[in-house]
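J.:
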Amino acid sequence: MALALDLGTGSVKVGLVTAGGELVRQASRPYAATSPSPGWAETDPAAWWAGVVGAVQEVLAGLDPARVRAVGLSGQMHGVVLVDAGGHPLRPAVLWSDTRSAAELTLFSALDPSVLARLGNPPVAGMAGPTLLWLRQHEPAQLQAARWALQPKDWLRFYLTGEVATDPSDASGTLLYDLVGGCWSEEVLEVLGISPAVLPPVLAPDAVAGRLLPAAASELGLPAGIPIVTGAADTAAALYGSGLLPGEAQLTVGTGAQVVVRAAVLPPPHPSLHVFREAEGVGCYTLAAIQNAGLVLEWVRRTLRLTWPECYAAAQEIDAQVDAGPLPIFLPYLTGDRTPHLDPHARAAWVGLNAAHDHRHMARAAFEGVALSIAQAAELLPLTPGQALFLAGGGTVDPWWRQLLADCLGRELHAVATPGASVLGAARLAWAGIGVERPPTRPEVTAVIVPQVGRISAERHWAFRAAYRAG
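What follows is the structure in structure tokens.
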């Protein structure tokens with residue numbers, strides 16, 4: 001079997017997958033991000049490792065660990081883990097949702113437009129390049145002491161193997177990587193003053209990047225020497241695991257939300273969209289990145305002091321009323337916004353609250369605000385009229401929530417049974433790394449959600465966008 005490790009923002013997911021692509025066991029462990037200052041998002045890598053150990057031990061319980069033939073990885077994108085030569089973190093990891101580097105984005109204006117275009121992405125706070133610029137300005141001693149600046153899953157692999165590497169799917173999300181040339185951009189690094197020596201070599205996602213060290217093997221309960229492949233970014237791994245074809249699109253809702261369209265060739269850059277390399281190394285995908293989805297809904301739930309069932313029930317109660325009166329607008333930008341606004345300073349708010357509103361109206365508005373932000377972002381993608389979206393992610397299992405998403409998007413949603421798509425993609429890369437190739441499994445559609453025409457009016461879309469502009 002292949003062991004797959006998916007290092008997410010709020011939890012690590014671990015799975016055992018057969019050569020035929022069957023997920024036979026899985027486990028997860030949560031961990032928390034902290035916000036020491038407004039706009040900051042950090043996690044202690046020690047919490048990641050503790051989660052990995054616990055989840056791996058759970059999936060291996062009662063099994064012969066010698067059955068694990070290879071390890072694959074996927075993980076959250078954009079973050080920075082500064083480590084010394086031994087792989088020890090010098091500070092907490094800075095995550096993708098961190099907006100502290102907003103001021104550093106102006107430094108990218110010094111780049112020649114043709115060079116900037118080859119990055120495939122607009123400058124966004126939270127990506128590794130701007131974060132490194134912030135660290136140089138505000139924590140120069142930490143950056144000077146660092147031997148490597150790694151992405152989250154690449155730090156995990158370094159801890160497992162003692163070998164340093166990244167892959168094109170993660171490198172393409174740093175704002176330091178030339179998507180056309182397939183290498184770190186010497187021009188960008190020179191203009192920004194970032195040393196190329198801290199960046200890891202770029203290997204293919206299915207390349208064997210190292211073997212499991214005895215110390216890590218002992219903690220996990222595995223034999224030392226198991227081959228570990230480079231792996232891929234979580235979205236790239238999920239696409240690789242779910243079998244989407246070029247031109248097809250998928251909405252995934254988790255901590256954030258992503259609307260992804262696969263492309264066979266590198267598309268032209270767009271000021272509000274991202275282009276990243278796929279796990280297969282030759283293709284790419286265009287992504288609308290919605291920074292606040294499950295993240296802000298979890299904040300709303302906690303703020304209103306509701307359980308998740310209570311939160312859904314409160315929102316649905318307002319929907320069921322014949323005349324619920326005018327609803328407030330909810331702007332979901334708790335940690336800023338990426339697509340479409342690229343505004344790290346945007347913030348969340350309920351707009352239009354009055355004395356007749358209570359927690360039910362606020363919950364209903366929050367779900368709608370997230371759905372409307374996804375719809376606004378999706379409009380920028382190269383989707384054909386009437387094109388359906390595959391729907392995936394743990395944040396979309398509730399039928400009422402699925403319907404609201406379809407109504408706001410005005411498109412059919414085809415819910416797919418891809419539990420742990422990133423895990424499956426990481427495992428598929430692990431098998432490929434030891435020479436076991438298998439074709440992707442096409443998504444199994446479990447439900448088709450047809451939008452209810454007129455449920456979300458054009459005026460509601462307009463009011464949502466006007467509230468942001470008035471902000």
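In this text, residue positions in the sequence shown follow the UniProt record's numbering: the first is 1, and each later residue adds one. We put the beta carbon where it would ideally sit given N, CA and C, even for glycine.
Quick check on this structure: which residue in E298, W299, A366, D319 has the alpha carbon closest to the alpha carbon of I329?
T.: With distances taken between Cα atoms, I329 lies closest to A366.
J.: Using 8 Å for Cβ pairs, my map puts E42 next to V83. What's the rounded Cβ distance?
T.: The Cβ separation is near 15 Å, so there is no contact.
J.: Kindly indicate which residue of V53, Y312, S11, L389 has the alpha-carbon position closest to the one of A215.
T.: V53
J.: So which of L203, A27, D319, P123 has the shortest CA-CA distance to L273?
T.: P123
J.: Do you know offhand how far P65's Cα is from V115's?
T.: 48 Å
J.: Which complete alpha helix (DSSP H) runs does the region 277 to 347 hold, if anything under 4 residues is left out?
T.: 294 to 303, 308 to 320
J.: Name the two residues that bound the continuous beta strand (DSSP E) containing I449.
T.: 445 to 449
J.: By the 10 Å Cβ neighbour count, where 16 or more other Cβ atoms means buried, how is T446 classified, buried or exposed?
T.: exposed
J.: With DSSP as the reference, identify every bridge partner of T99, one or two as the case may be.
T.: Answer by DSSP bridge pairing: none, since T99 is not bridged.
J.: Taking only runs that begin and end inside the region 204 to 285, name each unbroken alpha helix (DSSP H) of 4 or more residues, in chain order.
T.: 214 to 220, 234 to 242
J.: What would DSSP say about P113, mapped onto helix, strand or coil?
T.: helix
J.: Taking the C-alpha atoms as reference points, what is the distance between V208 and T166?
T.: 12 Å
J.: Quick check on DSSP: helix, strand or coil for residue 476?
T.: A question about residue 476 goes unanswered here, because the residues of the chain that appear run from 1 up to 471.
J.: Would you please state the rounded distance, in angstroms, between the beta carbons of S169 and A257? I believe it to be under 8 Å.
T.: Their Cβ separation, rounded to whole angstroms, is 19 Å, which puts S169 and A257 out of contact at 8 Å.
J.: Residues in its own chain within less than 6 Å of R301 by CB, not counting five upstream and five downstream?
T.: C311
J.: Less than 7 Å between C-beta atoms, sequence neighbours within five positions excluded: which residues of the same chain meet that for R442?
T.: G243
J.: Are the region 140 to 159 and the region 227 to 239 in contact at 8 Å, needing three or more beta carbon pairs?
T.: yes
J.: Confirm, please, whether the CB-CB distance from R428 to G21 is below 8 Å.
T.: Yes, the Cβ-Cβ distance between G21 and R428 is below 8 Å.
J.: Since I believe S28 is in contact with P17 (beta carbons under 8 Å), could you give me their beta-carbon distance rounded to a whole number of angstroms?
T.: Before going further, note that residue 17 is Val rather than Pro in the sequence given. Between S28 and V17 the Cβ distance is about 15 Å, and since that is not below 8 Å, they are no contact.
J.: Report, in whole angstroms, the separation of the C-beta atoms of S101 and T131, which I expect to be a contact under 8 Å.
T.: Contact holds; Cβ gap of about 5 Å.
J.: What is the rounded straight-line gap between the Cα of C284 and the Cα of P201?
T.: Distance between C284 and P201, taken at the CA atoms: about 20 Å.
J.: Cα separation between Y159 and G79?
T.: Straight through space, the alpha carbons of G79 and Y159 are spaced by roughly 16 Å.
J.: Using only alpha-carbon positions, find the residue among L213, N121, M362, A293 that is nearest to G393.
T.: Residue A293 is the option with its Cα nearest to G393.
J.: In whole angstroms, give me the CA-to-CA distance for A70 and E437.
T.: The straight-line gap separating the alpha-carbon atoms of A70 and E437 is approximately 13 Å.
J.: Find out if the Cβ-Cβ distance for the pair G129, L175 is shorter than 8 Å.
T.: yes
J.: Closest to P89 by C-alpha separation, out of R67, Q142, L119, would be which residue?
T.: Q142
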